[in-house]
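Trainee: Before we start, here is the structure in question, set down as structure tokens.
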Amino acid sequence: MDFHLQASAVRGGTVTVPGDKSISHRALMLGSLAEGTSSITGFLAGEDCLSTLQALRDLGVRIEQHDVTSLTVHGVGLRGLNAPRGDLDMGNSGTAMRLFCGVLAGQGFDSRLVGDESLSGRPMNRVILPLAAMGARIESQDGKPPLSVHGQASLRGIDYEMPVASAQVKSCVLLAGLYAEQPTSVFEPAVTRDHTERMFGTMGVEVTATEGWIGIEPGQTLTATDIEVPGDLSSAAFIILAVLLAESAEASITGVGINPTRTGVIDILRAMGADISLENPRELGREPVADLRVRSSRLRGIEVDPALVSLAIDEFPVLFVAAAAAQGRTVFTGIGELRVKESDRIGAMAAGLRTLGVLVDESPDGAIVHGGAFTGGEIQCFSDHRIAMAFAVAGTIASADVVIRNVDAVDTSFPGFADLLSRLGARISVRVGEPST
Ligand code: S3P
-16 MDFHLQASAV
-6 RGGTVTVPGD
4 KSISHRALML
14 GSLAEGTSSI
24 TGFLAGEDCL
34 STLQALRDLG
44 VRIEQHDVTS
54 LTVHGVGLRG
64 LNAPRGDLDM
74 GNSGTAMRLF
84 CGVLAGQGFD
94 SRLVGDESLS
104 GRPMNRVILP
114 LAAMGARIES
124 QDGKPPLSVH
134 GQASLRGIDY
144 EMPVASAQVK
154 SCVLLAGLYA
164 EQPTSVFEPA
174 VTRDHTERMF
184 GTMGVEVTAT
194 EGWIGIEPGQ
204 TLTATDIEVP
214 GDLSSAAFII
224 LAVLLAESAE
234 ASITGVGINP
244 TRTGVIDILR
254 AMGADISLEN
264 PRELGREPVA
274 DLRVRSSRLR
284 GIEVDPALVS
294 LAIDEFPVLF
304 VAAAAAQGRT
314 VFTGIGELRV
324 KESDRIGAMA
334 AGLRTLGVLV
344 DESPDGAIVH
354 GGAFTGGEIQ
364 CFSDHRIAMA
374 FAVAGTIASA
384 DVVIRNVDAV
394 DTSFPGFADL
404 LSRLGARISV
414 RVGEPST
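Below is the structure:
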């Protein structure tokens, strides 16, 4: 499928976005490892989370799906998973693969994790090394999937200093820590999303946090609970930008997660001049949520504070488009991790923006975007959902049509994206494209 965009008058309105991807994965996994039955509402039925759901079923967990967003998970307890009959397919999901490694490292059976072409190119030593130090053996293809996990029913607790700030690695090691004989702790060089820690808390598992070290005692029982998943701020970010860039629009995006480990995008856009306010703050479980009110704003280029990178790690495609539309230049530094996401996101954004006539200087871990207006063109999204959606937003203000090729990956995180954007007033159509060569 391709997206076709024409410059359009985005007007706004009141909308909701699908459930948070990170929290949906964790609700399924922790619910499965809990004692008792958990209900999940607001679940993201995107392909990434459906890969996690299927893998848990393959490990013997009974999960009932009542409708698209509500499920019941019949927890099997920490020691209740069964050896899978075949490979566990993680699809496109790095989160699924890395978190499952932590759980499977502590099982008394072997398993094999596979993924699609993009996932098969992503670095896994970041979880293989700490898990090996804990006593598990994981075979890879030169540090990449497929992964054969030879679990150990009992692992060694470790104190692990992560070389890169990664919530996936932190969560993996904490999950493995439940199966260890000694306490485990992980040091994060920068704050990363803490959904695992918060959800552990709602299930009665204690996690400590002192000066960057996150610690867990082994063998703690997870107690089932009901989980309401907030809207995904990473998905809302595309809607926020479409409204900001419009001539005269105002929107309210209701029920969006505003966990402070995720709100870097709001801080960065505000520093660029965006009018975004948080209304009706409340909590779902231990996750803070609010309605976001957004109004069209004139954006200006800034130097993005590198301290905000890990708090906005998935929003750089959006921020590159914001930078391209802003007056003046925007400088991104310390964003090298983007090169090992679902695609090389620095390279993909630089290439796409150049196609639209924007000047971009690229370095190994940064970029300078020279903002102003841009034209149309045909964009490749490298099967990366966030690249596709970022350029769809760019297409709402480009001076000529924008076509984004092969956008099927959008369903991994934001089913219904094109419909929602068109409800706000965007002229977007989804068409069957020519197969890529
Ligand atoms: C995620 C963590 C982030 C993020 C990913 C989801 C998670 O990855 O990019 O989309 O759910 O833990 P890293 O923590 O590896 O940067």
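Numbering-wise (the working numbering), the sequence shown opens with residue -16 and increments by one. Glycine included, C-beta positions come from ideal geometry on N, C-alpha and C. Quick caveat, the model's predicted, so the values are computed rather than measured.
(1) Which one or two residues does DSSP pair with residue 240 in a beta bridge?
(2) Excluding the five sequence neighbours on either side, which residues of its own chain have a C-beta within less than 6 Å of the C-beta of residue 368, listed in chain order?
(3) How would you write the range of the beta strand (DSSP E) that residue 48 sits in, first residue to last?
(4) State yes or no: is the C-beta of residue 39 within less than 7 Å of the C-beta of residue 11?
(5) I'd like to check one pair, residue 348 with residue 330: are the Cβ atoms closer than 7 Å?
(6) Closer than 6 Å: is that where the CB of residue 197 sits relative to any heavy atom of the ligand S3P?
(7) Check for me: the beta strand (DSSP E) holding residue 312 runs from which residue to which?
(8) Just jot down, in chain order, the residues whose CB lies closer than 5 Å to any heavy atom of the ligand S3P.
(9) Return the bridge partner residues of residue 124 from the DSSP annotation.
(10) Tell me which residue opens and which closes the beta strand (DSSP E) that residue 228 is part of.
(11) Going by beta carbon distance, what residues of the same chain come within less than 7 Å of residue 206, once the five residues before and after it are set aside?
(12) For the ligand ATP, is there a heavy atom less than 6 Å away from the beta-carbon of residue 299?
(13) Does DSSP classify residue -14 as helix, strand or coil?
(14) Anyone know if the C-beta pair for residue -2 and residue 223 falls short of 7 Å?
(15) Decide yes or no for the touch test of the segment 43 to 52 against the segment 228 to 248: beta carbon pairs closer than 8 Å, at least 3 of them.
(16) In this structure, how does DSSP classify residue 414 when only helix, strand and coil are distinguished?
(17) Can you grab the Cα-Cα spacing for the pair residue 8 / residue 378, in whole Å?
(18) Expressed to the nearest angstrom, what Euclidean distance is found between the alpha-carbon atoms of residue 216 and residue 411?
(19) Measuring straight from C-alpha to C-alpha, what distance separates residue 70 and residue 97?
(20) Going by the CB atoms, is the gap between residue 132 and residue 87 shorter than 7 Å?
(21) State the DSSP-derived secondary structure class of residue 420, mapped to helix, strand or coil.
(22) At a cut of 8 Å, does the segment 107 to 124 reach the segment 143 to 150 through at least three beta carbon pairs?
(23) Span of the beta strand (DSSP E) holding residue 96?
(24) Count the C-beta pairs between the segment 337 to 357 and the segment 272 to 280 that are closer than 8 Å, then say yes if the count reaches three, no if not.
(25) What are the start and end residues of the alpha helix (DSSP H) that includes residue 81?
(26) Under a three-way DSSP split, which group does residue 205 fall into?
(27) Does DSSP put residue 398 in a helix, in a strand, or in coil?
(28) Looking at the structure shown, is residue 170 part of a helix, part of a strand, or coil, going by DSSP?
(29) Just reading off the alpha helix (DSSP H) that residue 373 is part of, what are its end residues?
(30) Nearest-angstrom Cα distance between residue 22 and residue 51?
(31) On a CA-only basis, which of 94, 328, 1 is nearest residue 68? Give me that one, please.
(32) Please determine, among 176, 228, 403, 36, the residue with the shortest C-alpha to C-alpha distance to residue 152.
(33) My output table needs one value for residue 308: the three-state DSSP class, helix, strand or coil.
(34) Could you give the C-beta distance for residue 317 and residue 289, rounded to a whole number, given that I count them as a contact under 8 Å?
(35) What's the call for residue 66, buried or exposed, on a 16-neighbour Cβ count within 10 Å?
Mentor: Quick answer:
(1) Mapped onto the sequence shown, residue 240 falls at position 257. Its beta-bridge partners are 272.
(2) Taking the first residue of the sequence shown as 1, we reach residue 368 at position 385. Cβ within range, chain order: 392, 393, 395, 396.
(3) Looking up residue 48 in the sequence shown gives position 65. 45 to 50 is the extent of the beta strand (DSSP E) around residue 48.
(4) On the sequence shown, residue 39 is found 56 positions in, with the first residue counted as 1. On the sequence shown, residue 11 is found 28 positions in, with the first residue counted as 1. Their beta carbons are under 7 Å apart, which means residue 39 touches residue 11 by this criterion.
(5) Position 347 of the sequence shown, counted from the first residue, corresponds to residue 330. Position 365 of the sequence shown, counted from the first residue, corresponds to residue 348. Result no, Cβ atoms of residue 330 and residue 348 do not sit closer than 7 Å.
(6) For this step, residue 197 is matched to residue 214 along the sequence shown. Not so, every heavy atom of the ligand S3P lies at least 6 Å from the Cβ.
(7) Counting from one through the sequence shown, the residue named residue 312 turns up at place 329. 312 to 316 is the extent of the beta strand (DSSP E) around residue 312.
(8) 5, 78, 149, 150, 151, 296, 297
(9) As a first step, residue 124 must be located in the sequence shown, where it is residue number 141. DSSP, once it has assigned bridges, lists 127 as partnering residue 124.
(10) Numbered from its first residue, the sequence shown carries residue 228 at position 245. Unbroken run through residue 228 is the alpha helix (DSSP H), 216 to 228; no beta strand (DSSP E).
(11) In the sequence shown, the residue the question calls residue 206 occupies position 223. Result list for residue 206: 17, 18, 19, 186, 187, in chain order.
(12) The ligand content of the structure shown is limited to the ligand S3P, which means the ligand ATP is not among them.
(13) By one-based count along the sequence shown, residue -14 stands at place 3. Residue -14: strand per DSSP, three-state reduction.
(14) Here residue -2 corresponds to residue number 15 of the sequence shown, with the count starting at 1. Here residue 223 corresponds to residue number 240 of the sequence shown, with the count starting at 1. No, they are not a contact pair.
(15) no
(16) Mapped onto the sequence shown, residue 414 falls at position 431. Residue 414 falls in the strand class under three-state DSSP.
(17) Here residue 8 is taken as the residue at index 25 of the sequence shown, counted from 1. Here residue 378 is taken as the residue at index 395 of the sequence shown, counted from 1. Rounded to the nearest angstrom, the two C-alpha atoms are 31 Å apart.
(18) For the purposes of this step, residue 216 is taken as the residue at position 233 of the sequence shown. For the purposes of this step, residue 411 is taken as the residue at position 428 of the sequence shown. Near 22 Å, if we compare the C-alpha coordinates of residue 411 and residue 216.
(19) One-based indexing of the sequence shown puts residue 70 at position 87. One-based indexing of the sequence shown puts residue 97 at position 114. Roughly 7 Å between the two C-alpha positions.
(20) Within the sequence shown, the letter at position 104 stands for residue 87. Within the sequence shown, the letter at position 149 stands for residue 132. Contact: yes.
(21) Within the sequence shown, the letter at position 437 stands for residue 420. With a pLDDT of 48 at residue 420, under the threshold of 50, the modelled position of this residue cannot be trusted; read the value that follows with caution. Looking at residue 420 - three-state DSSP - the assignment turns out to be coil, as it is neither helix nor strand.
(22) yes
(23) The residue labelled residue 96 in the question sits at position 113 within the sequence shown. Residue 96 -> beta strand (DSSP E) spans 93 to 97.
(24) no
(25) Translated into the one-based positions of the sequence shown, residue 81 becomes position 98. Residue 81 -> alpha helix (DSSP H) spans 77 to 87.
(26) Counting from 1 along the sequence shown, the entry for residue 205 is found at position 222. Three-state DSSP puts residue 205 in coil, outside helix and strand.
(27) By one-based count along the sequence shown, residue 398 stands at place 415. If DSSP states are grouped into helix, strand and coil, residue 398 belongs with coil.
(28) To locate residue 170, count along the sequence shown from 1; it is residue 187. Strand.
(29) Sequence index remark: in the sequence shown, residue 373 carries index 390 (1-based). That run of the alpha helix (DSSP H) goes 368 to 378.
(30) Within the sequence shown, numbered from 1, the residue matching residue 22 stands at position 39. Within the sequence shown, numbered from 1, the residue matching residue 51 stands at position 68. Whole-angstrom Cα-Cα distance: 13 Å.
(31) Here residue 68 refers to the residue found at position 85 of the sequence shown. Residue 68 has its Cα closest to that of 94, out of 94, 328, 1.
(32) Against the sequence shown, residue 152 aligns to sequence position 169. The candidate whose alpha carbon is nearest that of residue 152 is 176.
(33) Stepping through the sequence shown from its first residue, residue 308 is reached at position 325. Looking at residue 308 - three-state DSSP - the assignment turns out to be helix.
(34) If you number the sequence shown from 1, residue 317 lands on position 334. If you number the sequence shown from 1, residue 289 lands on position 306. Correct: roughly 4 Å between the Cβ atoms.
(35) Within the sequence shown, residue 66 is the residue found at index 83, counting from 1. So residue 66 counts as exposed.
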